[in-house]
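Numbering (the numbering used here), first residue to last: 9 to 300.
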């Protein structure tokens, strides 16, 4: 699987036939007033896959960056996410139209339910199955109307996926999950693959805390790459689509230079790396929800 900067235009095929770039540009924690510059720079660097969310509160800035970059809309793959708190049909329907307006686009390439549970209930037992089906129905209708080219989910576990697989009309195409060295939910990845659901990896560099990890430094040195490059390549080797985030143009370019292969032996070693200590980020890596 040799790839160089062409990783930015290399694609994977979703279960509905839509092509999705194998590497995306994440925008979590990029403020709305800075999102335009970051997204414009990412697109000029060669990124064609841009990921945002209603909850990031930067869709307008992302949309301005897309316009400023001057690239044909058909060349771009734009993802946003339905706010986790929306668990009803009408709310989802309105939110979809609002995202289209805020991004100033005629269609989305991918829309995800951001979480199976509202964030304040994330660590509780309730799965909100009925609410997710209601929101999904609105997404299905937007998909069938051509407003969205693909629909999927984020942070869904097996039982959450099964709720849609068993009860919805349209099968989810993507599950975007927390995935990085030190956090590799192998059973969930295998289940998604079995169901032909593409896994995306958010926070592939684990907030940068892995940059101080001596074992990973040694492994990266072995391949002549940086730790972020090793981390991104790891996610690619797992068959996932990583979404690294940075506002630094040099880092944007470096994150796409992953023209190397990690050996099977080293992949096994990396899969067994102990959970990383997030330090001040030791919380659910979206909105500061502390684990209970």
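Each residue gets a CB set at the ideal place from its N, CA and C atoms; glycine is no exception. Owing to the predicted nature of the structure, the values given are computational and were not obtained by experimental measurement.
Return yes when the Cβ of residue 21 is within less than 8 Å of the Cβ of residue 30, no when it is not.
no
Going by the CB atoms, is the gap between residue 116 and residue 107 shorter than 8 Å?
yes
Mapping DSSP to helix, strand and coil, what is residue 64?
helix
Start-to-end residues for the beta strand (DSSP E) that takes in residue 210
206-210
Just to confirm my understanding: we take residue 132, look at its own chain, exclude 5 residues before and 5 after, and list those with CB closer than 8 Å. What are they?
125
When you compare only the Cα positions, how much space is there between residue 257 and residue 89?
25 Å
Short Cβ contact (8 Å threshold) for residue 24 with residue 66:
no
Let me know the secondary structure DSSP gives residue 20 once reduced to three states.
strand
Return the Cβ separation of residue 16 and residue 64 in integer angstroms, given the expectation that the two are a contact with Cβ distance under 8 Å.
Between residue 64 and residue 16 the Cβ distance is about 22 Å, and since that is not below 8 Å, they are no contact.
Status (buried if at least 16 other CB within 10 Å, exposed otherwise) for residue 72:
buried
Thinking C-beta only, is residue 70 closer than 8 Å to residue 120?
no
Answer yes or no: do residue 210 and residue 34 have a C-beta to C-beta separation smaller than 8 Å?
yes
Alpha carbon to alpha carbon, what distance is there between residue 91 and residue 9?
Note that residue 9 scores 31 on pLDDT, short of 50, meaning its location in the model is unreliable; the coordinates nonetheless yield the value given after this. Residue 9 and residue 91: Cα-Cα distance of roughly 35 Å.
Within the continuous alpha helix (DSSP H) that includes residue 117, where are the two ends?
From DSSP, residue 117 is part of no alpha helix (DSSP H); its letter is neither H nor E.
Could you please give the first and the last residue of the uninterrupted beta strand (DSSP E) stretch that includes residue 306?
Since the displayed the chain opens at 9 and closes at 300, residue 306 lies outside it and no answer follows.
Can you look up residue 34 in the DSSP assignment and give me helix, strand or coil?
strand
Mapping the DSSP letters down to three states, classify residue 215 as helix, strand or coil.
helix
Three or more C-beta pairs under 8 Å: does that hold for the stretch 235-255 against the stretch 209-226?
yes
From the DSSP output, read off the bridge partner residues of residue 183.
161, 207
For residue 269, I'd like the list of residues in its chain whose CB is within less than 6 Å of its CB, leaving aside the five on either flank, ordered along the chain.
none
Extent of the continuous beta strand (DSSP E) run through residue 249:
249-251
Looking at the strands, I want to know which residues DSSP matches up with residue 87.
59, 118
What's the gap between the Cα of residue 87 and the Cα of residue 27?
13 Å
Among residues of its own chain, excluding the 5 on either side of residue 280, which ones have a beta-carbon nearer than 8 Å to its beta-carbon?
none
If residue 177 and residue 143 are in contact, beta carbons under 8 Å, what's the gap, nearest whole angstrom?
No, residue 177 and residue 143 are not in contact; Cβ-Cβ is about 14 Å, not under 8 Å.
Determine the extent of the alpha helix (DSSP H) in which residue 141 is found, giving its start and end residues.
137-152
Can you give me the start and stop residues for the alpha helix (DSSP H) that residue 27 sits inside?
Element bounds for residue 27: not the alpha helix (DSSP H) but the beta strand (DSSP E), 27-29.
Please list, in chain order, all residues of the same chain as residue 104 whose beta carbon is under 6 Å from its beta carbon, the five residues on each side excluded.
150
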